[in-house]
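Residue numbers (this note's numbering), protein chains in the order written: chain A, 9 to 592; chain B, 413 to 739; chain C, 58 to 388.
C-beta: ideal position from N, C-alpha, C; glycine also.
The structure displayed is predicted, hence computed values, not measured ones.
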Amino acid sequence: MRTRILIAACGAFAIVVALSACSQNTGTQDTGSSSADAANPTQTGVIATDPLDSMGPAPEVPGGAKGGTFTIIRELKIPHLDPQRVYSFAGLMNAALYARTLTTWEQIDDQLTLVGDLAQTPGTNVNGDCTVWEFTIKDGLKFEDGSQITSKEIAYGIARSFNPDLTGGPTYLQEWLSGTPQYDTAWDFKANKSSLPPGLTTPDAKTVQFEFDRPRCDLPFAVSLPASAPVPPDKDTGVDYDNLPFSSGPYRITENTPGVQLVLERNSHWDPATDPVRHQYPDKFVWTFGTDDEASANRVIADNGADQTALDWNSVPSSLVSKTTTDPALKERSLLSPTTSANRLTINNQRVTDLSIRQAINYAIDREGLIKMLGGPTVGAPMTTLMPPGTLGYQAYDAYPAGPNGDIGKAKELLAGRTPELVLGTADDSSGQEMATQLKGNLEKAGFVITVKNIPADDKLDETKKKDNPWDLYLDSWAADWPSGAAILPVLFDGRSIKAEGNSNSAYMNSDAINAEFDRIQALDPDKQAAEWGALDERIMTEVAPVVPLYVDVAYFLHGSKVGGLFVSGVFPYPSFVNAYIEQ
Amino acid sequence: MTRFLLRRSLLAILTLFAVSVLTFLMFFVLPRDPVSGMCPKNCNPERLERVRRELGLSDPKIDQYLAYMKGIFVGRDLGSAQGGHCDAPCLGYSYVNNEPVSETIARVLPVTLSIVIPAAILWLGLGIGLGMVSALRQGTWVDRVAIGFSLTGASLQLYFVGGVLLLVFTYQLGIAPVPHYTPLLENPADWAGGLVLAWLALAFLFSAIYARLSRAQMVETLSEDFVRTARAKGLPNSQVYGRHALRAAITPLVTIAGIDIGAALGGTVITEITFGLQGLGRTAVGAVHAGDLPMIMATVLVAAFFIVVANIAVDLLYAAIDPRVRL
Amino acid sequence: MKTRAKAIPDVGPITAAQEFVGRSPGRFAWERLRRDRTAIVTGSMLAAFLVIALAAPLIELLYGIGPHEQFQHELDSFGMPLGVAGGISGEHWFGLEPGLGRDIFIRMVYGLRTSLVIAISAATITTTLGVVAGVVAGYLGRWSDTVIGWLIDFALAMPFLIVALAVAPTVALRFYDERDEVPAEFQAIVLVTIFAVFGWAGTARLVRGQVISLREREFVDAARASGAGVGHILFRELLPNLWAPILVSYSLAVPAYITAEAALSFLGIGMLEPTPDFGRMIDRSLGYLQTDPAYVFFPGITIFAVVFAFNLFGDALRDALDPRSSRSPLP
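Here it is, written out as structure tokens:
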């Protein structure tokens, strides 16, 4: 009797599964690849110097309508709301709603332009040598309570980023103004609350001036980060500001239940005439947290009720991709775009000192198989350069043309009979594990002997950033804070910045010739730098081959049927809310 | 009785202390440094060290432990980076969540309670009821169906059952609302609707286990002499089975129920993850990943508290049910 | 009932004594088990699983494909297997894994091995520890009961998941050099140890409860009255009455640990790549429920069958060991 139950159960299960498994997969439903290649944001006229370009109102979005509640579904809560502490992608895209900055990015038809947001233009290079920058503030800027935004509040916002209690945000402005990475001891914020950090001055209510000890040509880019958002001194609640910041943008935060929900509603004092980029279509933005990527994908696919006005912030999991990309109804509800978030296999140049071995590793990698393992063209696109497509001055090249599946023959030739034993350190989470298995398979075909060493996932980043880490190979990713070569190449490959821990140059490459190039290019006019970075990119790979570029993340998001106006940011690999609206 | 309670309570407090010490020690065995998570791209070791000192993480471990314990009983000062003074019972400040730990616990504990308590009522009622009926009707089709049900349930996994329930009822059919938590007092109907799938999944799996156990126990008890005697005395069935047989059969069930419910109150991690509910278990797991020591300590202590209380309750119930047991 | 009736033949006293072969309870149990159809079927299933698990390398030799070989050229551009039902073919009996493109059948064979080894070791250790602790605590009472009882409470109160999450990933680092490979056996030992440290308490509590009930029974009083020592009472009076629930609890513990190990994989601890593992396979396959159901089906049905068989066998075992649980309705 009991065995009959057992058999029946198995049988039922089998039938159900078999019915759904019966279709033949012929592999001809490739839909993703071409659309992923198409939309690469290019930069022309990157910095808009004409004040007219920085004036509002932003052009109307076709179909844009006022009203509705825009819901965003995300698994983890946004780590910080405090604009001086925001650094995660979700935080950055969310900050655009309530924290205006000195400069911001305007994205029209895949063209990125830097325009003035609080400032009338993206900064004046006073002496022509990038050491003194001046910003003139617009008129008519108001906080959520109607009070004026002047240079005083903007300067205070930057000053409070020196507060050692407020951790987490970018440190460009602090380090550049104080001239040292130990900025919190160079200028004590708590002791000097009524004054400003060295180099930062406000000659009048409409002017903010930065003075640096060295040329900082990327300042206009750096102040596009929320770190330059204004904060009235009497509204600064220290660490509590992170739960309820004071808004300078089209929306203000009205309700914040950590880990559950974040609600933003219209800021009636925001004046569209002063804003070149943002709109105020939806009545409310609501972030809901706690739903994992499969649940959120299923919800948005089902498109029931409130989910029709929702955006799934968790990317579509690769296990569902073959279903979502082949459903024509979902095409209109998906955002697909390559991003500037680049992934590489870093080689520890201090340990793997032989150039031919590093080159052999480059030849051995099967990028097509890697993309398959990740889940296909909607997850990643192969990359052979150090700077991702979409960066200023990007040039496509392949220093070690290995074809789509790697060139084992060429790799073996370079190794000339040697079988180097290398240790690949990987995070012990599922994606780290699978990557390591995939790469190990590739390399062992060429004769390498690879030991995979598991590192607890939460520690992996810190451990590989230590100079004396014990591994030869590890995976890294990098998304520059602004799409310029200066935010990628010197940061990742200048050997003079190597310290005991916290290294971004995790390849530990130190080449005098290349270092000199970094200095030379960074002293050039910003417009001339672009092409130079592209050339240097190729030179580094050809002469040094410090890493193996693998793939760029492809942004693939689903949203409900009533959502409009979304696009993937050309700066950060996530959707931007500035044009979002709900169909009425 | 009072001596028993006194003795057990003292032991319970001792247990909680031991748990707190062990958790603290274990945490420092981990290489996970909570402070480095505050430092994304351009990190500077000296600055990190200053943050660490400010948070008290560079103090000797014993000092940190004592400071934490002191905080629980009388409150303590935490410094400006952690919200100033923290009143007793101070469970610390979560640098990851940016709020006092007690606030987080106050928010996530009701979620876990709302998941576990109704589910427990369901699974105990269903499980024991099914087991009893099945024992009374051994060999009939009722028995077979019940056995089949309980075997299947006992052999399945929660994340599988949960996943299938969600797929069918929420996404495909749209009958059940997306799982979420609304406080009971705010909107009872929404509270139930948001949790019903979680209850069903838990109830299905656990009742299966309890049905098997209670059936086995009942079958054994029903063949005892005293049952035959009770019958022979002419007592109605409800008394024979309900008062006499059930009472004898129930002791091991009480043990297991105590362990299960006590443990579940500490956080049903897989249920919470599968259904996207922010309860105690999920918070604890997140805290471990982030290296958030105050949060880890608090969630562990709360969970341990429930287990310890459940154990005492089980022993009391033992004594109440089985007169042969002397406390 | 019928058995006993048959055993007494209708002959004279001497011949009756010669022909009446006394059977120990164990013998009775074995015969009842042998006669139970369910027990035979599930017992054979379990034996088959064990054999498959032990003979994994031999199977690999015969099958021709290893658990680490990749066949990515048989996947489409999304990493999904080409062909029908997740890539089932004469070469790949259960199809291919999406993504890495490894053969599912041979990975399941090895995965079965991993899961069974861990579950059986864990069940053996925890049952042994739990029984010893439970018997000592339950019978000796007072001091030892307080101490052991407190240890049980403590073990139950310590958060299993938190400790597992915190400790499992980092233990290996303490034993192995930073550049050395951590063998799968070590990972398995860590898991079994974690299970053992926490698992003994539940069994101990249960056994303690049973012993407390049993020690008040007449036969124990009788033994004590006739001057039996503690050792004799523990091992000759109590334990024989306990071995039935112990055996049953053991047969239920094994599937419980299979499930627990799968749950740990769900949370990201457990056996790591590239060791084939059931839990990890099931966890990963769930995401593909809608897009490659065959990938869910094979490991899912196998683990269901294993656990189900263990449960059924445990039931049959209990029925065989306990003559009072009859299947016939009450008079």
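Cross-chain neighbours of residue i in chain C, by beta carbon under 8 Å
{"i": "residue 664 of chain B", "result": "263, 266 and 267"}
{"i": "residue 438 of chain B", "result": "220, 223 and 224"}
{"i": "residue 540 of chain B", "result": "Under the 8 Å cutoff, chain C gives no residues; its nearest Cβ is about 17 Å from residue 540 of chain B."}
Within chain C, partners of residue i - CB distance below 7 Å
{"i": "residue 302 of chain A", "result": "344"}
{"i": "residue 563 of chain B", "result": "365, 368 and 369"}
{"i": "residue 445 of chain A", "result": "157, 330 and 331"}
{"i": "residue 474 of chain B", "result": "Ordered by position in chain C, no residue passes the 7 Å Cβ test against residue 474 of chain B, which lies about 20 Å from the chain."}
{"i": "residue 33 of chain A", "result": "133, 137, 138, 139 and 140"}
Chain B within 8 Å of residue i, Cβ atoms only
{"i": "residue 76 of chain A", "result": "no"}
{"i": "residue 290 of chain C", "result": "no"}
{"i": "residue 267 of chain A", "result": "yes"}
{"i": "residue 377 of chain C", "result": "no"}
{"i": "residue 210 of chain C", "result": "yes"}
{"i": "residue 399 of chain A", "result": "no"}
{"i": "residue 359 of chain C", "result": "no"}
{"i": "residue 259 of chain C", "result": "yes"}
{"i": "residue 321 of chain C", "result": "no"}
C-beta neighbour in chain C for residue i, strict 8 Å
{"i": "residue 569 of chain B", "result": "yes"}
{"i": "residue 381 of chain A", "result": "yes"}
{"i": "residue 720 of chain B", "result": "yes"}
CB contact below 8 Å: residue i versus chain A
{"i": "residue 576 of chain B", "result": "no"}
{"i": "residue 457 of chain B", "result": "yes"}
{"i": "residue 671 of chain B", "result": "no"}
{"i": "residue 511 of chain B", "result": "yes"}
{"i": "residue 533 of chain B", "result": "no"}
{"i": "residue 239 of chain C", "result": "yes"}
{"i": "residue 550 of chain B", "result": "no"}
Check: residue i C-beta below 7 Å from any heavy atom of the ligand MG
{"i": "residue 462 of chain A", "result": "Of the ligands one can find in the structure shown there are none, so the ligand MG has no counterpart to examine."}
Distance between beta carbons of residue j and residue i, contact taken as under 8 Å
{"i": "residue 248 of chain A", "j": "residue 493 of chain B", "result": "Going by Cβ atoms, the distance from residue 248 of chain A to residue 493 of chain B rounds to 11 Å, so no, they are not a contact pair."}
{"i": "residue 266 of chain A", "j": "residue 509 of chain B", "result": "6 Å"}
{"i": "residue 106 of chain A", "j": "residue 261 of chain A", "result": "6 Å"}
{"i": "residue 99 of chain C", "j": "residue 370 of chain C", "result": "4 Å"}
{"i": "residue 140 of chain A", "j": "residue 217 of chain A", "result": "7 Å"}
Contacts of residue i in chain A (Cβ-Cβ under 7 Å)
{"i": "residue 348 of chain C", "result": "327, 328, 330 and 331"}
{"i": "residue 227 of chain C", "result": "464"}
Contact set between residue i and chain B, taken where Cβ atoms lie within less than 7 Å
{"i": "residue 219 of chain C", "result": "696, 700, 708 and 712"}
{"i": "residue 312 of chain A", "result": "586"}
Terminal residues of the alpha helix (DSSP H) in which residue i lies
{"i": "residue 615 of chain A", "result": "Outside the shown range of chain A, which is 9 to 592, sits residue 615 of chain A, and nothing can be said about it."}
{"i": "residue 389 of chain A", "result": "That residue, residue 389 of chain A, is in no alpha helix (DSSP H); its beta strand (DSSP E) goes 388-390."}
{"i": "residue 408 of chain A", "result": "Per DSSP, residue 408 of chain A belongs to no alpha helix (DSSP H) and is neither H nor E."}
{"i": "residue 633 of chain B", "result": "600-634"}
{"i": "residue 595 of chain A", "result": "In this structure chain A extends from 9 to 592, so residue 595 of chain A is not present and cannot be described."}
{"i": "residue 323 of chain C", "result": "296-323"}
{"i": "residue 355 of chain C", "result": "350-378"}
{"i": "residue 546 of chain A", "result": "534-551"}
Bounding residues of the beta strand (DSSP E) (the contiguous stretch that carries residue i)
{"i": "residue 166 of chain A", "result": "That residue, residue 166 of chain A, is in no beta strand (DSSP E); its alpha helix (DSSP H) goes 159-168."}
{"i": "residue 351 of chain A", "result": "342-355"}
{"i": "residue 393 of chain A", "result": "It is not in any beta strand (DSSP E) - residue 393 of chain A carries neither H nor E in the DSSP assignment."}
9 Å Cβ cut-off: residues of chain B touching residue i
{"i": "residue 3 of chain A", "result": "The requested residue 3 of chain A does not occur in the structure, where chain A is confined to residues 9 to 592."}
Within chain C, partners of residue i - CB distance below 9 Å
{"i": "residue 517 of chain B", "result": "Result: empty, since nearest Cβ-Cβ is about 14 Å, beyond 9 Å."}
{"i": "residue 438 of chain A", "result": "325, 330, 337, 340 and 341"}
Would you mind listing the alpha helix (DSSP H) stretches within the segment 182-266 of chain A that are 4+ residues and don't spill past its ends, in chain order?
Along the segment 182-266 of chain A, the alpha helix (DSSP H) occurs as fully enclosed runs of 4 or more residues at 191-194 and 227-230, listed in sequence order.
Which runs of the beta strand (DSSP E) at least 3 residues long sit entirely within the segment 474-525 of chain A? Give them in chain order.
Considered as a whole, the segment 474-525 of chain A harbours 481-487 as its complete beta strand (DSSP E) runs of no fewer than 3 residues, in chain order.
Note down, one range per segment and in chain order, each beta strand (DSSP E) of at least 3 residues found wholly within the segment 279-319 of chain A.
The beta strand (DSSP E) runs of length 3 or more contained entirely in the segment 279-319 of chain A are, from start to end of the chain, 292-297.
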